Amino acid sequence: MRSINRLFLGWIGAILSFLALSTVTYGQSRTVVIDAGHGGYDRGGVPGQRISEKDKTLDVAQRLRRILTANGYRVIMTRDSDVFVTLGARVAIANSNPNAIFVSIHFNCAPRSSANGIETYYYRSDSASLAASIHRNVVSGAPSENRGIRRRGFYVLRRTAIPSVLVECGFLTNPTEGNLALTGDYRQKLAEQIARGIRREPATSRPLTASLKSYSLGNDFVRVPPESSSGHRSSKHGRHHYRKKSSDSDSSTKSKKKKSED
Ligand code: ZN
Numbered sequence: 389m390r391s392i393n394r395l396f397l398g399w400i401g402a403i404l405s406f407l408a409l410s411t412v413t414y415g416q417s418r419t420v421v422i423d424a425g426h427g428g429y430d431r432g433g434v435p436g437q438r439i440s441e442k443d444k445t446l447d448v449a450q451r452l453r454r455i456l457t458a459n460g461y462r463v464i465m466t467r468d469s470d471v472f473v474t475l476g477a478r479v480a481i482a483n484s485n486p487n488a489i490f491v492s493i494h495f496n497c498a499p500r501s502s503a504n505g506i507e508t509y510y511y512r513s514d515s516a517s518l519a520a521s522i523h524r525n526v527v528s529g530a531p532s533e534n535r536g537i538r539r540r541g542f543y544v545l546r547r548t549a550i551p552s553v554l555v556e557c558g559f560l561t562n563p564t565e566g567n568l569a570l571t572g573d574y575r576q577k578l579a580e581q582i583a584r585g586i587r588r589e590p591a592t593s594r595p596l597t598a599s600l601k602s603y604s605l606g607n608d609f610v611r612v613p614p615e616s617s618s619g620h621r622s623s624k625h626g627r628h629h630y631r632k633k634s635s636d637s638d639s640s641t642k643s644k645k646k647k648s649e650d
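When we follow the numbering used here, the leftmost residue of the sequence shown carries the number 389, and every step to the right adds one.
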């Protein structure tokens, strides 16, 4: 009898420690704060951009909510309609959910229509694996360049006290990625891939989609004239609202200047 009790207690202990471990594991939360970038008068992107970013981010966010909710997640949205929400308010919503993770959804833009690809950002070290998981899955579901995972002190990544990731789901200023983003099917695919990343599922192999290079690139997606070809190439790419400093040149000046994007 005593040995049965001991066995029983042993099992309970094992189950409890497993539960404790799985909730402690960074970024494995069952609560997700979804942040649809921009909104209201802030349409996102560059001036004159044909496709507005704010409604695409909201649509992907809402699709992601549906998927996660169906998977038993608790979801909080920083916005659920076309309203302007300050970065501070977004962070406050995140931080009022201490056991959650924060996933910010954006699309990229660039003066040059040829810029394309997926990039994912994080800042806190406890967000790195979540960023990698989301990034791998989104890239595997997109016919786009892999622009990599980057550590940057964007406001919503630096001021949030929970694991936080910002994913740029492609360039709306790129004809191919812009046209894809206009379709509900593709936005659903993006949401599904982000959800896979949140669930820490392995990335599937890349679909056999035509490479972006095989598409002809028009200029109608950006009305602003292209940058002069001299210098600053990378710093002009993917400039973004969350980067409050426009001098966002990367690699070369790595840790030299502490970013002050708030
Ligand atoms: Zn954005």
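By construction, the Cβ of each residue, glycine as well, lies at the ideal position given by its N, Cα and C atoms.
Remember, predicted model here, so these are calculated numbers, not experimental data.
| query | Is DSSP giving Leu-568 helix, strand or coil here? | reply | If DSSP states are grouped into helix, strand and coil, Leu-568 belongs with the helices.
| query | Starting from Asn-525 and walking both ways along the alpha helix (DSSP H), at which residues does that stretch end? | reply | For Asn-525, the enclosing alpha helix (DSSP H) starts and ends at 516 to 528.
| query | With distances taken between CB atoms, is the gap from Glu-580 to Phe-495 smaller than 8 Å? | reply | No, the Cβ-Cβ distance between Glu-580 and Phe-495 is not below 8 Å.
| task | Identify which residue in Val-527, Lys-442, Val-421 has its Cα closest to the Cα of Leu-456. | result | Comparing alpha carbon positions, the residue from Val-527, Lys-442, Val-421 closest to Leu-456 is Val-421.
| Candidates Ser-502, Val-463, Ala-480: which alpha carbon is nearest Ala-583's? | Measuring from the Cα of Ala-583, the nearest candidate turns out to be Val-463.
| Over what stretch of residues does the alpha helix (DSSP H) that includes Asp-659 continue unbroken? | Only positions 389 to 650 of the chain appear in the structure, and residue 659 is not among them; the question remains open.
| How long is the line joining the alpha carbons of Ala-488 and Ala-482, rounded to whole angstroms? | If you draw a straight line from the Cα of Ala-488 to the Cα of Ala-482, it comes to about 7 Å.
| query | Within the present structure, is the beta-carbon of His-523 separated from the nearest heavy atom of the ligand ZN by less than 7 Å? | reply | Answer for His-523: no, Cβ out of range of the ligand ZN.
| Ser-502 to Ala-530 span [Cα, whole Å] | Near 16 Å, if we compare the C-alpha coordinates of Ala-530 and Ser-502.
| task | Report whether the distance from the Cβ of Phe-495 to the nearest heavy atom of the ligand ZN is below 7 Å. | result | Phe-495 Cβ: within cutoff of the ligand ZN.
| field | Nonlocal neighbours in the same chain, by C-beta distance under 7 Å from Gln-437, ignoring five residues either side | value | Non-local beta-carbon contacts of Gln-437 in its own chain, meaning distances under 7 Å to residues more than five positions away in sequence, involve Cys-497, Leu-560, Thr-561, Val-610 in chain order.
| message | Based on DSSP bridge pairs, tell me the residues matched to Asn-496. | response | Phe-559.
| message | For the pair the segment 509 to 517 and the segment 541 to 553, tell me if three or more CB-CB distances fall below 8 Å. | response | Two segments are said to touch when three or more pairs of C-beta atoms, one from each, lie closer than 8 Å; by this definition the segment 509 to 517 touches the segment 541 to 553.
| When burial is assigned at 16 or more other CB atoms within 10 Å of the CB, is Phe-490 buried or exposed? | So Phe-490 counts as buried.
| Where does the unbroken beta strand (DSSP E) through Tyr-510 begin, and where does it stop? | For Tyr-510, the uninterrupted beta strand (DSSP E) segment begins and ends at 506 to 510.
| query | Would the segment 515 to 533 and the segment 564 to 580 be scored as touching if the rule is three or more Cβ pairs under 8 Å? | reply | Contact between the segment 515 to 533 and the segment 564 to 580 is present: three or more C-beta pairs spanning the two stretches fall below 8 Å.
| Given Gly-505, which residues of its chain have a CB within under 6 Å of its CB, disregarding the five upstream and five downstream residues? | For Gly-505, same chain residues with a beta-carbon under 6 Å away, outside a window of 5 residues either side, are Ser-532, Glu-533, Arg-535 in chain order.
| query | Would the C-beta of Glu-441 count as close to the ligand ZN, meaning under 7 Å from any of its heavy atoms? | reply | If you check the C-beta of Glu-441 against the ligand ZN, you find a heavy atom less than 7 Å away.
| query | Under 7 Å from any heavy atom of the ligand ZN, does the C-beta of Gly-566 make it? | reply | Closer than 7 Å to some heavy atom of the ligand ZN: that does not describe the Cβ of Gly-566.
| On the three-state DSSP scale, how would you describe Gly-585? | Residue state, collapsed to three classes: helix.
| task | State the Cα-Cα distance for the pair Ala-480 and Ala-424, rounded to the nearest angstrom. | result | A direct Cα-Cα distance of roughly 15 Å separates Ala-480 from Ala-424.
| query | Is the distance from the Cβ of Ala-549 to the Cβ of Gly-558 below 8 Å? | reply | No.
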